[in-house]
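Numbering (the working numbering), first residue to last: 26 to 326.
Backbone N, C-alpha and C define an ideal beta-carbon position, used for all residues, glycine too.
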Amino acid sequence: MKFKFWGVRGSIATPGPKTVRYGGNTTCIEITSSAGDLIILDAGTGIHALAQTLLDQRNLTAHILITHTHWDHIQGLPFFLPMFRPGNRINIYGGLEPVTHQGIERAMRVQLQHAYFPISEAQLKAEVRYTTLKAGEPIRIGSVRVTPTVLNHPVFNFGYRVDDDGGGSLFFTGDYEPPLNPYPEQHPGYSAMQELIDQKNEEVVGAMAGVDALIIDSSYTDAEYAERHGWGHGTYRSALDIAAQAKVKQLFLTHHEPTRSDAELDTIYSGLLQAGQLGFPVWLAREGDQYCLPFVAENPA
Ligand SMILES: [Zn+2]
Ligand SMILES: [Zn+2]
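Next up, the structure:
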């Protein structure tokens, strides 16, 4: 299978001269399975440009997996033009929001309200179907198996593992902050909480284990994170740590912090490489870049 980044920015779209190389669109990844199935991970603003490449196709079937309903992951959904063409089939998948008990259809319904968007849900000409997924229960889409895992974030968030029968696997976190113990070590609640956190971490590492590509939220530097505990995002350090634990074959850092310029991303990246001994290739996600899986290590000449 192969995958392509259409949006790599976190929180808000950031077009402009300082982000032109890595890209300013919010989260969207296109996967093409070995059997040709079209799978889209998240519908940030990047999905708009992806949609332009699909306009000539008739009777298109697309599968859109939503990690969670923060704007930067759903805002492009009403602009996915294949939804307006009869004969197309658009399948949208996501989790059940535990507070409201509403499925992923809410993400469309809310955005297509008259006050926010000029076209109503009734005007979508494609056959649009919504599917509510359950944690740990895989579904089959053509040649791939997709398994959702709940990851820590202020709203319900699924990370998705995608395994292709024809070879290749990836895990995409959506937004993910590795949980922190809120208690100091001497607090009576510390040990019980730490046990829960360790169990959950073990589950998450197991879900990512051995993938050809881990695509992970790495919004912050350590210094930024010190001020932003509980905002729901990981760091470069937490990304490298969990990738090593899960023994992934390649690591892709994404959900770039919206104020981060191309030059700053380059500086951070060379700092990571200079720190050395990562044990696996590490890449910064960049709009337009495409990769084939499974990962084949280059033999040194
Ligand atoms: Zn986000
Ligand atoms: Zn989020």
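Item to check | alpha helix (DSSP H) runs wholly inside the region 130-156, at least 4 long, in chain order | outcome: 130-136
Item to check | Span separating the alpha-carbon of residue 231 from that of residue 197 | outcome: 14 Å
Item to check | Residues that residue 127 bridges to, as DSSP identifies them | outcome: 122
Item to check | CB of residue 179 within 7 Å of CB of residue 237, strictly | outcome: no
Checklist entry - Whose CB is closer than 6 Å to a heavy atom of ligand 2? List the residues in chain order. => result 93, 95, 178, 200, 257
Next on the checklist: Runs of 3 residues minimum, wholly inside the region 52-127: which ones carry the beta strand (DSSP E) assignment?
Outcome noted: 53-57, 63-66, 86-90, 114-119
Item to check | Paired residues, beta bridge with residue 299 - DSSP | outcome: In DSSP, residue 299 forms no bridge with anything.
Next on the checklist: So residue 146 and residue 131 are supposed to be a Cβ contact under 8 Å. How far apart are they, rounded?
Outcome noted: With a Cβ gap of about 12 Å, residue 146 and residue 131 do not count as contacting.
Checklist entry - Who are the Cβ neighbours of residue 217 in its own chain at under 8 Å, not counting the five residues just before and after it? => result none
Checklist entry - For residue 42, which three-state DSSP category applies? => result helix
Checklist entry - On the three-state DSSP scale, how would you describe residue 397? => result The shown model of the chain, from 26 to 326, leaves out residue 397, and the question about it has no answer.
Checklist entry - What's the gap between the Cα of residue 200 and the Cα of residue 148? => result 31 Å
Next on the checklist: Within the continuous beta strand (DSSP E) that includes residue 188, where are the two ends?
Outcome noted: 183-189
Checklist entry - With DSSP run on the structure shown, which of helix, strand or coil describes residue 315? => result strand
Next on the checklist: Checking the sheet assignment: what are the DSSP bridge partners for residue 171?
Outcome noted: 164, 187
Item to check | Straight-line Cα distance separating residue 191 from residue 170 | outcome: 11 Å
Checklist entry - Which residue from 98, 265, 255, 150 puts its Cα closest to that of residue 109? => result 150
Item to check | Closest by C-alpha distance to residue 270, when choosing among 300, 228, 127 | outcome: 228
Checklist entry - Hey, which unbroken runs of the alpha helix (DSSP H) at 4 residues or more fall wholly within the region 173-247? => result 215-233
Checklist entry - Per DSSP, residue 281 is paired with what? => result 34
Checklist entry - From residue 164 to residue 91, what does the alpha carbon distance come to, in whole angstroms? => result 14 Å
Checklist entry - On the three-state DSSP scale, how would you describe residue 158? => result coil
Item to check | residue 186, buried or exposed, once every other Cβ within 10 Å from all chains shown has been counted against 16 | outcome: buried
Checklist entry - Between which two residues does the alpha helix (DSSP H) harbouring residue 47 extend? => result From DSSP, residue 47 is part of no alpha helix (DSSP H); its letter is neither H nor E.
Next on the checklist: Quick check: does the Cβ of residue 97 come within less than 6 Å of any heavy atom belonging to ligand 1?
Outcome noted: yes
Checklist entry - If you drop the 5 nearest sequence neighbours on each side, which residues of the same chain put their C-beta closer than 7 Å to that of residue 189? => result 26, 58, 59, 168, 169
Item to check | residue 292 burial status per 10 Å Cβ neighbour count (16 or more: buried) | outcome: exposed
Item to check | Residue from 195, 153, 181, 152 with nearest C-alpha to residue 172 | outcome: 195
Checklist entry - Alpha carbon to alpha carbon, how far is residue 117 from residue 63? => result 12 Å
Checklist entry - Any idea if residue 285 is buried or exposed, counting beta-carbon neighbours within 10 angstroms, 16 or more meaning buried? => result buried
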